[in-house]
Each structure stands twice: as C-alpha cells, then as structure tokens.
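Under my numbering, the residue at position 246 of the sequence shown is numbered 250, and the numbers go up by one with no gaps. By construction, the Cβ of each residue, glycine as well, lies at the ideal position given by its N, Cα and C atoms.
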Amino acid sequence: MEVTNISVYAGSAHPELSQAIADYLGIPLGKVHHTQFPDGEIFVQFEENVRRADVFLIQPTCKKPNDYLMELLIMIDAARRASAARITAVLPYFGYARQDRKDKPRVPITAKLVANMLTAAGADRIITMDLHSHQIQGFFDIPMDHLYARPVLAPMLKKTLGPDPVVVAPDSGSAKMAMYYCDLLGAGFAVVAKRRLNATTVASSHLVGDVKDKVCVITDDLTSTAGTLCAAAKILKANGAARVYAAVSHCLLDATGKKRLLETPELEQLFVTDAVPIDDTLGGRIKVVSVAPLLGEAIKRIHVGKSVSSLFYPKN
Ligand code: R5P
Numbered sequence: 005m006e007v008t009n010i011s012v013y014a015g016s017a018h019p020e021l022s023q024a025i026a027d028y029l030g031i032p033l034g035k036v037h038h039t040q041f042p043d044g045e046i047f048v049q050f051e052e053n054v055r056r057a058d059v060f061l062i063q064p065t066c067k068k069p070n071d072y073l074m075e076l077l078i079m080i081d082a083a084r085r086a087s088a089a090r091i092t093a094v095l096p097y098f099g100y101a102r103q104d105r106k107d108k109p110r111v112p113i114t115a116k117l118v119a120n121m122l123t124a125a126g127a128d129r130i131i132t133m134d135l136h137s138h139q140i141q142g143f144f145d146i147p148m149d150h151l152y153a154r155p156v157l158a159p160m161l162k163k164t165l166g167p168d169p170v171v172v173a174p175d176s177g178s179a180k181m182a183m184y185y186c187d188l189l190g191a192g193f194a195v196v197a198k199r200r201l202n203a204t205t206v207a208s209s210h211l212v213g214d215v216k217d218k219v220c221v222i223t224d225d226l227t228s229t230a231g232t233l234c235a236a237a238k239i240l241k242a243n244g245a246a247r248v249y250a251a252v253s254h255c256l257l258d259a260t261g262k263k264r265l266l267e268t269p270e271l272e273q274l275f276v277t278d279a280v281p282i283d284d285t286l287g288g289r290i291k292v293v294s295v296a297p298l299l300g301e302a303i304k305r306i307h308v309g310k311s312v313s314s315l316f317y318p319k320n
C-alpha cells in the first residue's frame, strides 16, 4: 500500500515524550481517544483518518506494564483495521525484557510472548531503546530498530566526570554496555560481581578493576529498586573511588528505590533519560536528558527510508 503522511500518536504511558517527539518532527500529535470502561476494559479510537498513513504509536510499557501493553495492542489493532499503510510500535522502554530466558524450571519467556503479541496485533515494525539483552531482537520476525541512549548521555557524562574516569558494570550482564561507554568516554573499565537475593535485594561481593582515587560511573540499562546501583556504589567507595555517579537508560525507580538512593550518599548523582516518565521528587540527585530528538530523528529516517545507524554515535 502506498504510504502518504506520517502520523504520531501517544499512548497513555508518556504523553510528554510523545509531544516532544511530535515537536521535533514539526507535526501535531495525532488525535486519539483512550478511555477505560468501569470494568477496566480499555477502549481506543483514532479521531482522524489514518488510511494509508505511516503510523507511529509511542508507548513505553513501564510503571503499569500490563495496562500500557494492552493499550498499545489495542491501538495497533485499531490502526490496522483503519487501513494504516504501516504501523510502527515505538517502545522507548520495552517492559518484560528481563524475562528473556528460561533459566529456572517452569518459568515463561515473557519477552518473547510480548513480541508475539505485538506482531499478532498487526505491528509492522518496532522501535525500541536499550533492550535488557540484544537477543530480544531475535524474538521478532518484523524489522526492529534498536536505539541506544549512550550517544545522548555521553556528552553530559563527559562534562561531569572529567579526565580519566572509570566506567563500572554493576553486574556481568551489563559489561558489554559498559565497554561501549568506555570507548565513548575514553575511560577505564571495572566490573562488580552481583548476586540477586530476591526481587528487591542484591549483594555485590567482588570488584574487578582499579578504581582507587578515580571518578567512576556505573552504567546500566535500568534501575528499579536501586539495589544494583547502590550496592555497586558502596563497593566502589570501599575500594577507594573518589566519586561515584551512575547513568541508566530507563529510570523505573519505585518507592524502595527512591528511599535507597536517598540513604546511599556513596552514589552522588544519577543520569537518566526521559524514555519513561521521571518524577522529580529526588531533586538534584537525578539529571534527565531527553531522548525525544533521538526517537524523532529515527522516526523521520524510517519514514523517508534513510539509515538509522548514524544515530548510534554522539554528535559531540
Ligand atoms: C539486571 O540485570 C538489570 O540490568 C538491572 O541491573 C536491574 O534490573 C536493576 O534492578 P534494581 O534497580 O532493582 O537492582
């Protein structure tokens, strides 16, 4: 089907980011009505023509992942039935990504289930950012553009960290991401051995790498209870680090995480993106950088058929 115009619609999860993306593209945010019936069912209606349009639906499936995922599926279904030419689901944060493998008996691989659901609903393409593991891309048989927050976070980190910093992976799973940050920042590398005791508690037992008198930045895809970041910050300080910062792509801090952060002076500041809504009750402890231009530029390039990979590197 021939594609005509580009249309960007917000789900309920993050209207501010959706508006910022539309502003970057210089187009009005599309008109869509979402509501919930008294029994909890979600209803969506596009309030304008989407026939033959190149439709982008913005929905990070965070904080209320079940509601926001279901709403996104319903939006995809509505756009498909309204004859959109192409439907791209834009998930700046892909909820359920941590359930990406069967590492215990009788557990699901929910990230794969979510991929199946998005495809079955009618998504033609996915845009996402900093998946918990790259292999999730293989759960889809439709094109996926996987973006990275590091080109957006790195310039701010460079200014803060000064010369000769150390990038720290807070667990073995985040080592690869940390290595990319090392390249961007011209930094040394260290890694912490982490063991998860339960959903809210971790133990960081060993540190590999020299951090004595160094300014360190812990990098990770997400923080939720802040257990991982705070445990790493403590072990770094105990090993003589001069200052400790953290940079994460997705800030999902819950009440436990906020409390923990406030009670951990070892971690000076947290750099995050607005891929998910950020509540600013932590004041100066959190610095937010917007990924709206990154997502907007990716959408623009996909619409006109240009390369997206040039967005993987910082501008300065
Ligand atoms: C786990 O492997 C992830 O990359 C994060 O390190 C983890 O999910 C963070 O969770 P929390 O903030 O609850 O420790």
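Inset, instruction - Can you tell me which of the three DSSP states K291 falls into? - result: Three-state result, K291: strand.
Legend entry - Bridge-paired residues (DSSP) for V221: Paired residues: V171, Y249.
Inset, instruction - Measure the CB-CB distance between V48 and A83 and report whether it falls below 7 Å. - result: Contact flag unset, no.
Inset, instruction - Measure the alpha-carbon distance for H254 versus R102 and round it to whole angstroms. - result: Approximately 13 Å between the Cα atoms of the pair.
Inset, instruction - Figure out for me which residue from D224, I31, G231 has the closest Cα to the Cα of L266. - result: Nearest in C-alpha terms to L266, of all of D224, I31, G231, is G231.
Inset, instruction - Find out if the Cβ-Cβ distance for the pair A115, F144 is shorter than 7 Å. - result: No.
Legend entry - Strand pairing of V12, partner residues [DSSP]: Residue pairing by DSSP puts V12 in a beta bridge opposite F60.
Legend entry - CA-to-CA distance, V212 to V59, given in whole angstroms: Their backbone Cα atoms lie some 47 Å apart in a straight line.
Inset, instruction - Evaluate G287 with the Cβ neighbour count: other Cβ atoms within 10 Å of its Cβ, from every protein chain shown; 16 or more gives buried, anything less gives exposed. - result: With fewer than 16 other Cβ atoms within 10 Å, it is exposed.
Inset, instruction - Identify every residue that forms a DSSP beta bridge with S208. - result: Answer is K198.
Inset, instruction - Specify, as a first and last residue, the run of the alpha helix (DSSP H) that R85 falls within. - result: Note, R85: alpha helix (DSSP H), 69-85.
Legend entry - N-terminal and C-terminal residue of the alpha helix (DSSP H) that V118 is part of: DSSP places V118 inside the alpha helix (DSSP H), whose first and last residues are 114-125.
Inset, instruction - Find out if the Cβ-Cβ distance for the pair I25, A296 is shorter than 7 Å. - result: Cβ atoms of I25 and A296: closer than 7 Å.
Legend entry - Neighbourhood of K162 by C-beta distance below 7 Å, restricted to the same chain and skipping five residues each side: Apart from the 5 residues on each side of it in sequence, K162 sits with its Cβ closer than 7 Å to the Cβ of L189 in its chain, given in chain order.
Legend entry - Closest residue to D81 among G309, L61, A245 (Cα-Cα distance): Of all alpha-carbon atoms in G309, L61, A245, the one lying nearest the alpha-carbon of D81 is that of L61.
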